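Novice: Sending over a structure as structure tokens; questions will come in a sec.
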Amino acid sequence: MKKRLWAGEKPVSDQKMQDAVNTDPSTAVSYIRRVIAVIHYLNSPIVMSCLINICNLIRQQLVMIEDVWQAPGPNRNVLLSDSWDEFIAYQMQKMIGGADDFAATWLARLDTVYSARPDSDPDKASVLLRVRTLHAYRVDMVRIGLQVAGYP
């Protein structure tokens, strides 16, 4: 899931999700839960500390490259570190956006499908309860975001 969110891809294909919504709601709920969990995992203190260290090491290397490139003379101004700062801030927002779009879309779909089912459906109540719970986690995920310290 992390890799797919980083790459800007859908965490799970639409076809796989639609099949799960229609035939195996527990699997659909599990996929949504896992996407939200990835963001909460990345925000955990230990993982975020590692992510910050990696981002800062990359930035330091880019600053060294800038210094070497600019040393020979004027008009060789390149701002790799500034570009990195912009990229990582954008990337974190893109990951949150992708996770939110996925979760919001499929939670709404589950809610629509299972709200329309008769009360006698054995999955209806539990699916709708899990949808409400995951919706709250999704809102929390978006509110917190992914803030890599030092990167806006």
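Using the working numbering, you'd call the opening residue of the sequence shown number 20 and step up by one each time.
Note that CB positions come from ideal geometry on N, CA and C, so glycine has one too.
Predicted model only: the values in this text are computed from it and were never measured.
From V158 to I77, what does the alpha carbon distance come to, in whole angstroms?
Specialist: Residue 158 sits at position 139 when you count from the first residue of the sequence shown. Residue 77 sits at position 58 when you count from the first residue of the sequence shown. Their Cα atoms are separated by approximately 31 Å.
Novice: What is the DSSP secondary structure of E85, reduced to helix, strand or coil?
Specialist: Taking the first residue of the sequence shown as position 1, residue 85 is located at position 66. Three-state DSSP puts E85 in a helix.
Novice: Quick check on the DSSP output: the alpha helix (DSSP H) that includes E105 runs from which residue to which?
Specialist: By 1-based counting over the sequence shown, the position of residue 105 is 86. Where E105 is concerned, the enclosing alpha helix (DSSP H) stretches over L99 to S134.
Novice: Assuming contact is defined by CB atoms lying nearer than 7 Å, are Y133 and L147 in contact in what I supplied?
Specialist: Looking up residue 133 in the sequence shown gives position 114. Looking up residue 147 in the sequence shown gives position 128. For Y133 and L147, yes; Cβs fall inside 7 Å.
Novice: Return the chain-ordered list of same chain residues with a C-beta closer than 8 Å to the C-beta of L153, the five sequence neighbours on each side being excluded.
Specialist: Mapped onto the sequence shown, residue 153 falls at position 134. The residues are V48, I51, R52, I55, A122 and L126.
Novice: At what residue ranges does the region 39-73 contain a whole run of the alpha helix (DSSP H), taking only runs of 4 or more?
Specialist: Here the runs fully enclosed are 44-61.
Novice: Is L98 near L81, with beta carbons less than 7 Å apart?
Specialist: One-based indexing of the sequence shown puts residue 98 at position 79. One-based indexing of the sequence shown puts residue 81 at position 62. Not a contact, by the Cβ cut-off of 7 Å.
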